[in-house]
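Here the structure comes first, spelled out in structure tokens, and everything after it is commentary.
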Amino acid sequence: MPQDEVRSNAITLIERGADLGLWEEAGEEDYDERKKVLNTLKQQLINC
Numbered sequence: 006m007p008q009d010e011v012r013s014n015a016i017t018l019i020e021r022g023a024d025l026g027l028w029e030e031a032g033e034e035d036y037d038e039r040k041k042v043l044n045t046l047k048q049q050l051i052n053c
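Quick look at the structure:
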């Protein structure tokens with residue numbers, strides 16, 4: 006099912022930290038906050 010594939014791809018990207026490289030320049034506090042938000046999103050995707 007396409008929705009399951011999208012969910013799986015999103016989880017994989019979060020686990021790889023694909024987005025976090027962009028946040029390294031923002032500073033440690035912002036980076037940590039983004040990481041926390043992504044982990045929350047990952048849990049929500051897993052529990053769908």
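Residues in the sequence shown are numbered from 6 upward in steps of one, following our numbering. Virtual Cβ for every residue (Gly too), placed ideally from N, Cα, C.
Query	Result
Can you give the Cα-Cα distance for residue 43 and residue 7, rounded to whole angstroms?	22 Å
By alpha-carbon positions, which one of 49, 39, 32, 30 ends up nearest to residue 22?	39
Would you tell me roughly how many angstroms separate the C-alpha atoms of residue 41 and residue 52, rounded to the nearest one?	17 Å
To which residues of the same chain is residue 15 closer than 7 Å at the C-beta, ignoring the five residues directly before and after it?	50
In angstroms with no decimal places, state the Cα-to-Cα distance between residue 11 and residue 45.	17 Å
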